[in-house]
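Engineer: Heads up: the sequence shown at position 91 corresponds to 102 in our numbering, and the numbers run straight through without jumps.
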Amino acid sequence: QVQLVESGGGLVQPGGSLKLSCATSGNIFIIQTMAWYRQGPGKERDLVAAITRDGSTDYADSVKGRFTISRNNAGNTVSLQMNSLKPEDTAVYYCKITRIGLGDSWGQGTQVTVSS
């Protein structure tokens, strides 16, 4: 079993910053990829950013240059630094990990609201 606990969401003004964190526990030794997804009102859940076991990263075009995904040395926490936030970034943000042979596990989600 693995647990994912997200934190760091909230209300921020346009142009502001937030940092999301996702702490994992349980069997984390075979994590292949850690990622952040988001789901806005009336929209599908889409990939925001991902980081692989070897440190390779991938970003949605809409967040390139504004968001940065990272993980700690222990490999059990993934963060998303979000700068220059826009109203269209408003969504519930979900952490997801993919473990070799065990598939995907999701966090419960954290709300990010960008509004003046």
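Think of the CB as a built atom: it goes at the ideal place given N, C-alpha and C, for glycine as much as any other residue. These numbers come from a predicted model, not from an experiment.
What does the Cβ neighbour count give for Lys-97, buried or exposed, with the cut at 16 atoms within 10 Å?
Structural biologist: The sequence position of residue 97 within the sequence shown is 86, counting from 1. Result: exposed.
Engineer: List the whole-angstrom C-beta distance separating Val-13 from Thr-35, where the pair is believed to meet the contact cut-off of C-beta under 8 Å.
Structural biologist: Within the sequence shown, numbered from 1, the residue matching residue 13 stands at position 2. Within the sequence shown, numbered from 1, the residue matching residue 35 stands at position 24. Their Cβ separation, rounded to whole angstroms, is 6 Å, which keeps Val-13 and Thr-35 in contact under 8 Å.
Engineer: Going by DSSP, name the residue or residues bridged to Ile-80.
Structural biologist: Indexing the sequence shown from 1 puts residue 80 at position 69. For Ile-80, which the question treats as bridged, DSSP gives the partners Leu-91.
Engineer: From the DSSP secondary-structure annotation, give me the bridge partner or partners of Glu-17.
Structural biologist: Translated into positions along the sequence shown, residue 17 becomes position 6. Cys-33.
Engineer: Please confirm whether Gly-19 and Thr-88 have their CB atoms less than 9 Å apart.
Structural biologist: Within the sequence shown, the letter at position 8 stands for residue 19. Within the sequence shown, the letter at position 77 stands for residue 88. Taking 9 Å as the Cβ cut-off, Gly-19 and Thr-88 do not qualify as a contacting pair.
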